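Visitor: For reference, the structure I am asking about is given below.
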Amino acid sequence: MTRDRDLTAYCGLYCGDCIPSNTRLFEMIEELQELAAKLRLYDYAELLSRRDAACEDYPAFERMLAALAGWRCPSPCRAGGGRPSCLVRECAREKGFDGCWECANRRGCELLDPLRGFHRGTIDENLDAIAERGIDGWADGRGRHYPWS
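The sequence shown runs contiguously to residue 162 in my numbering.
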């Protein structure tokens, strides 16, 4: 398989663009959590909170780090990553499709609507590009993964 094929989700998103697949980010989060525990940063922040109100928010910082750590995706969609109960993936597999780009009803598909709401026109642009160029070699012209990217 090519890298494009390996990292192309059934819905047409490219797993390599997804924040939860950013290995370095999650390595850094884990390293920060370990160092903070070793240094007892919680206790330090509590002490500093007497003169720096921002340190009162340290528990929220720890909760956010823990939440971020939980967003890690262990593998691309095709290898079982992403949401365990992805209805788009289930549908494509049930129909024997390599992905939604093979489906004649993809433009009207309600399963893709939540992704369209978040990723805007990227879903349909990517699916059209894959249908036109094939799954191998399509990714260089892909749309933005996130609205802010």
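Ideal placement from N, C-alpha and C gives every residue a C-beta, glycine not left out. Nothing here was measured: the structure is a model prediction, and the numbers come from that model.
Could you give the DSSP three-state label for T15: helix, strand or coil?
Guide: It is coil, neither helix nor strand.
Visitor: May I ask you to verify whether the segment 16-28 touches the segment 87-106, counting CB pairs closer than 8 Å and requiring at least 3?
Guide: Yes, they touch.
Visitor: Let's test the definition: count the other Cβ atoms within 10 Å of the Cβ of L48 and tell me whether it reaches 16, buried, or not, exposed.
Guide: Its Cβ having fewer than 16 others within 10 Å, L48 is exposed.
Visitor: Let's see if you can read the secondary structure: which residues bound the alpha helix (DSSP H) around H132?
Guide: Element bounds for H132: 126-132.
Visitor: To the nearest whole angstrom, what separates the beta carbons of T15 and D149, a pair I think is in contact under 8 Å?
Guide: Contact holds; Cβ gap of about 5 Å.
Visitor: Go through its chain and collect everything with a Cβ distance to C68's Cβ below 6 Å, but skip five positions before and after it.
Guide: These residues qualify, in order along the chain: A58, L61, S62.
Visitor: Ends of the alpha helix (DSSP H) at A142?
Guide: Residues 135-146.
Visitor: If we count the other Cβ atoms within 10 Å of its Cβ and call it buried at 16 or more, is N118 buried or exposed?
Guide: Result: exposed.
Visitor: Straight-line CA distance for P97 to R53?
Guide: Rounded to the nearest angstrom, the two C-alpha atoms are 35 Å apart.
Visitor: Please classify S162: is it buried, with 16 or more other beta-carbons within 10 angstroms of its beta-carbon, or exposed?
Guide: S162 should be labelled exposed.
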